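Engineer: Numbering (the numbering used here), first residue to last: 808 to 1110.
The structure that follows is given in the form of structure tokens.
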Ligand SMILES: Nc1ncnc2c1ncn2[C@@H]1O[C@H](COP(=O)(O)OP(=O)(O)OP(=O)(O)O)[C@@H](O)[C@H]1O
Ligand SMILES: [Mg+2]
């Protein structure tokens, strides 16, 4: 690691959001094993989100109704119905090939559904006709996505990786984009690494930069597709703690993960999929109380 880069804002590196690198963080569960998955038991400081306290309010931010998706002859989603409300945290689990990524990719139209209705933030993007039609650019501005591979530009610093879409998508000036990017890096505890290139950052830090990059665009909903599965085990905890902080900030989230401890902690709605259908879903307590043999078997296998 090279020396600390110049501070981009001149402000102290105070972390209002998550400080995974410092021991006195306000959001890191003390009970979390060093570097491991966050504690299964809810820590004493757990801050219930507005959704957890108040339940669903208003119309769903994301509404999938009868979503089907085929690749050639292979139907991989066979009628998915899912309502996701403001501030709700949805966890998708299920075996490989069950269609979890395809559900996420449908929500931001990386995959176009073969049939069914997709409504995001009041606009219809699927084949349905229940709401005014939105365009895909509008959708990409509404939905942030974090992938297993962080997809940072290797030739750009952490700050520039976050600032670039602020300029290209949001049309901010360089100065404004850099100020906002610095703020987002601060929120994920990485302002101190703003001048570092991806190769100078650990995988966990790179993933946190990718989270900052998505958050910077002020999405209405954030999608996470197995964000920790490419990481060395000792780096998983810092990313999960950052995601937990995002969850506690009230962000609407859909997360595909095999980290059952994390799922238990943040999942307001937990969805078990197999073969392109939702087999069973449930609220808090799902991992203890689900009844379908396949869900029980799957949860036991990944725990
Ligand atoms: N672009 C594509 N072309 C053809 N088949 C695809 C395509 N994308 C996904 N599939 C198939 O769709 C099915 C569901 O894939 P998907 O990636 O959604 O599963 P998943 O639940 O995310 O699995 P994993 O846990 O392995 O990531 C699989 O059979 C997969 O091979
Ligand atoms: Mg997948």
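All residues carry an ideal CB built from backbone N, CA and C; glycine is no exception.
Keep in mind that this is a model prediction, so the values were computed, not measured.
Grouping DSSP H, G and I as helix and E and B as strand, with all else coil, what is residue 947?
Structural biologist: Numbered from its first residue, the chain shown carries residue 947 at position 140. DSSP places residue 947 in helix when its eight states are reduced to three.
Engineer: How long is the line joining the alpha carbons of residue 960 and residue 977, rounded to whole angstroms?
Structural biologist: In the chain shown, residue 960 corresponds to position 153, counting from 1. In the chain shown, residue 977 corresponds to position 170, counting from 1. Rounded to whole angstroms, residue 960 to residue 977 spans 18 angstroms at the Cα level.
Engineer: How long is the line joining the alpha carbons of residue 1005 and residue 956, rounded to whole angstroms?
Structural biologist: In the chain shown, counting from the first residue as 1, residue 1005 sits at position 198. In the chain shown, counting from the first residue as 1, residue 956 sits at position 149. Their backbone Cα atoms lie some 12 angstroms apart in a straight line.
Engineer: Helix, strand or coil for residue 864 per DSSP?
Structural biologist: Position 57 of the chain shown holds residue 864. In this structure, residue 864 counts as coil in the three-state DSSP scheme.
Engineer: Taking only the alpha-carbon atoms, compute the straight-line gap between residue 1015 and residue 997 and give it to the nearest angstrom.
Structural biologist: As a first step, residue 1015 is located in the chain shown; it is residue number 208 there, counting from the start. As a first step, residue 997 is located in the chain shown; it is residue number 190 there, counting from the start. Answer to the nearest angstrom: the Cα atoms are 8 angstroms apart.
Engineer: Please tell me whether, using a cut-off of 7 angstroms, the distance from the CB of residue 997 to the nearest non-hydrogen atom of ligand 1 is below it.
Structural biologist: Here residue 997 refers to the residue found at position 190 of the chain shown. No, since every heavy atom of ligand 1 falls outside the 7 angstroms radius drawn around the Cβ of residue 997.
Engineer: In three-state terms, what does DSSP make of residue 843?
Structural biologist: Walking along the chain shown from the start, residue 843 turns up at place 36. With a pLDDT of only 38 at residue 843, under 50, the local geometry of the prediction cannot be trusted, and no value is derived from it.
Engineer: How about residue 883: is its Cβ closer than 7 angstroms to a heavy atom in ligand 1?
Structural biologist: Walking along the chain shown from the start, residue 883 turns up at place 76. Checking every heavy atom of ligand 1 against the Cβ of residue 883, one is found closer than 7 angstroms.
Engineer: In angstroms, rounded to a whole number, what distance separates the CA positions of residue 1096 and residue 1108?
Structural biologist: Residue 1096 sits at position 289 when you count from the first residue of the chain shown. Residue 1108 sits at position 301 when you count from the first residue of the chain shown. Each residue's alpha carbon lies about 16 angstroms from the other.
Engineer: According to DSSP, residue 1089 sits in a beta bridge with which residue or residues?
Structural biologist: Within the chain shown, residue 1089 is the residue found at index 282, counting from 1. Residue 1089 pairs with 1077.
Engineer: Going straight from the alpha carbon of residue 1100 to that of residue 1050, what length do you get?
Structural biologist: Along the chain shown, one-based indexing puts residue 1100 at 293. Along the chain shown, one-based indexing puts residue 1050 at 243. Taking the straight line joining both Cα atoms gives about 30 angstroms.
Engineer: Can you give the Cα-Cα distance for residue 1024 and residue 1034, rounded to whole angstroms?
Structural biologist: As a first step, residue 1024 is located in the chain shown; it is residue number 217 there, counting from the start. As a first step, residue 1034 is located in the chain shown; it is residue number 227 there, counting from the start. The alpha-carbon atoms of residue 1024 and residue 1034 are separated by roughly 19 angstroms.
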